[in-house]
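Residue numbers (the working numbering): 2 to 360.
Glycine residues also receive a C-beta, built at the ideal position from the N, C-alpha and C atoms.
These numbers were taken from a predicted model, which means no experiment stands behind them.
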Amino acid sequence: MPECTWRLFRFSLPLAMPLPSGASVRQGWLVQLQGAGATGWGEVAPLPGFSRETPEAAFRALQVLLPRLTSVPEASTFAEWAETVAPLLADAPASVRWGLELALASWQAARVEKRLDTWLASDPLPVISINALVPTNWQAHPECLATIRAAGYRTVKVKVSGHAPGEAARCVRQLRDMLGGEITLRVDANRAWTLREALAFAEAVADLEIAYIEEPLRDPEKLQEFVQRSPVPVALDETLAEQPGTPLHRWEGVAAVVLKPLLLGGLLSAWRRAEEARALGMAVVWSAAFETGIGTRGLLALAAASRSTEAAGLDPYRWLADDVVHPRLALQPEMPVGEALTGPWRPNPVVLETIDVAA
């Protein structure tokens, strides 16, 4: 096992728009793994209001784990690596597993001179579609729709959690009219409604050809009833993070799963969910939780390696007014994976503070 060195950097990035929690900055840590002539990077950044662990708990876990991982097991394949790494991080918080697994995986890929996507799978997709994210208050900024159309996005996601069902339906109908029928439209309710309210919304927009409504219910125990009664397909997101051990077949009829490794418990947990979903005929949508350029590149590699043709939810990256790397990742509706993963970039020292792991 090669001897490796970990470095830890704290970051705090300004946001162009506040997070759902109201925060105006995105904070977390980068982890860098070096050894055997290779370097791997990962990102640990619990998302306020969504992550189950606090930033303080994540940092304590890093202080415990990094000194234990100086001898990194080698693996010739992703499957072999998964069996070796999973037990090492089994008790770590979700965001810590995501960051450390990403660093370990990208280090393994670099060690054998491969991109992360081609190390994860032998035949990754060369291009990944991206969906545009429309904020809840888009009506106050209608110019954002013109920008989306001009850029060539074919899939758009709108959040409606700040609206009552009737108001949300009117908002979505107006959005459909402005975007046109050729755009794939996704709706995210972030568990805003009761079963009765969610069904009222679904009936009101049934003619709009919505791809799916994401997490409509305040009470996830009633999801199965909603799936059976709703004229609009359903996608799972928060429920997956809350119930990591529940088999997907419990939610028979769900159309899609939205996979956020930062919330699901890492690269491996999300990858297994993707395999499980595909076996059940559910669409797999890889999605961001406001990651930096490091985490977003990791998500892009996962989407390509899993060969998901669903537009990935990576647009939250645009909400960052700065990044931990230069140059910034140039998001576009159709992302060339190889170019994004191999394009030259360097850490941004202006926003990175070196942290003593033992401190």
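Practice prompt. Grab the span of the beta strand (DSSP E) containing Val157 for me, first residue to last.
Written response: Counting from 1 along the sequence shown, the entry for residue 157 is found at position 156. Run containing Val157: Thr156 to Lys160, per the beta strand (DSSP E) assignment.
Discussion item. Buried or exposed for Glu114, going by 16 or more other Cβ atoms inside 10 Å?
Written reply: Indexing the sequence shown from 1 puts residue 114 at position 113. Answer is exposed; the Cβ neighbour count stays below 16.
Worksheet item: Would DSSP call Ser13 helix, strand or coil?
Response: Numbered from its first residue, the sequence shown carries residue 13 at position 12. Annotated three-state conformation of Ser13 is strand, per DSSP.
Discussion item. With DSSP as the reference, identify every bridge partner of Gly41, one or two as the case may be.
Written reply: By one-based count along the sequence shown, residue 41 stands at place 40. Leu34.
Practice prompt. Rank Ser231, Glu216 and Arg177 by C-alpha distance to the C-alpha of Ala201 and give the top, closest one.
Written response: Here residue 201 corresponds to residue number 200 of the sequence shown, with the count starting at 1. Among Ser231, Glu216 and Arg177, the Cα nearest to that of Ala201 is on Ser231.
Discussion item. Quick check: Arg27 and Leu14, are their CB atoms within less than 7 Å of each other?
Written reply: As a first step, residue 27 must be located in the sequence shown, where it is residue number 26. As a first step, residue 14 must be located in the sequence shown, where it is residue number 13. Between Arg27 and Leu14, the CB-CB gap stays under 7 Å.
Discussion item. Using the Cβ count rule (16 or more neighbours within 10 Å means buried), how would you classify Gly344?
Written reply: Residue mapping note: residue 344 aligns to position 343 of the sequence shown, counting from 1. Only exposed fits Gly344, as fewer than 16 other CB atoms lie within 10 angstroms of its CB.
Discussion item. Give me the residue from Gly29, Glu222 and Trp82 with the minimum Cα distance to Ser107.
Written reply: In the sequence shown, the residue the question calls residue 107 occupies position 106. Comparing Cα positions, the closest option is Trp82.
Worksheet item: Exposed or buried, Arg112, counting other C-beta atoms within 10 Å across all chains shown (16 or more means buried)?
Response: For the purposes of this step, residue 112 is identified with residue 111 of the sequence shown, where counting begins at 1. Around the beta carbon of Arg112, a 10 Å sphere encloses 16 or more other beta carbons of the protein chains shown; the residue is thus reported as buried.
Practice prompt. Could you tell me whether the Cβ atoms of Pro176 and Lys158 are closer together than 7 Å?
Written response: Reading the sequence shown from its first residue, position 175 is the one you call residue 176. Reading the sequence shown from its first residue, position 157 is the one you call residue 158. Correcting the residue identity first, residue 176 is Leu in this sequence and not Pro. Leu176 places its beta carbon 7 Å or farther from that of Lys158.
Fill in: Close-in-space but distant-in-sequence residues of the same chain around Ile184 (CB under 6 Å, 5 per side omitted)
For this step, residue 184 is matched to residue 183 along the sequence shown. Counting only Cβ-Cβ distances below 6 Å, and skipping sequence neighbours, we find Val157.
Worksheet item: Once you ignore the five residues that flank Ala39 on each side, which residues in its own chain have a CB closer than 7 Å to its CB?
Response: Position 38 of the sequence shown, counted from the start, is the residue given in the question as residue 39. Closer than 7 Å at the Cβ level, and outside the excluded window around Ala39, lie Trp108, Ala111 and Arg112.
Item to complete: Name the residue from Arg298, Val351 and Thr71 whose alpha carbon lies nearest to the alpha carbon of Pro337.
Response: Working through the sequence shown from its first residue, we reach residue 337 at position 336. Just measuring C-alpha positions, the residue of Arg298, Val351 and Thr71 sitting nearest Pro337 is Arg298.
Discussion item. Please state the DSSP three-state secondary structure of Asp319.
Written reply: Walking along the sequence shown from the start, residue 319 turns up at place 318. The residue asked about is misnamed: residue 319 is Arg in this sequence, not Asp. Three-state DSSP puts Arg319 in a helix.
Item to complete: Have a look at the DSSP bridge pairing and note the partners of Met336.
Response: Within the sequence shown, residue 336 is the residue found at index 335, counting from 1. DSSP, once it has assigned bridges, lists Ile129 as partnering Met336.
Practice prompt. With DSSP as the reference, please indicate the residues paired to Leu260 in a beta bridge.
Written response: Stepping through the sequence shown from its first residue, residue 260 is reached at position 259. In the DSSP assignment, Leu260 is bridged to Trp287.
Practice prompt. Return the CA-CA distance between Gly267 and Leu48, expressed in angstroms with no decimal places.
Written response: On the sequence shown, residue 267 is found 266 positions in, with the first residue counted as 1. On the sequence shown, residue 48 is found 47 positions in, with the first residue counted as 1. The alpha-carbon separation between Gly267 and Leu48 amounts to approximately 14 Å.
Worksheet item: What is the DSSP secondary structure of Trp7, reduced to helix, strand or coil?
Response: Within the sequence shown, residue 7 is the residue found at index 6, counting from 1. Residue state, collapsed to three classes: strand.
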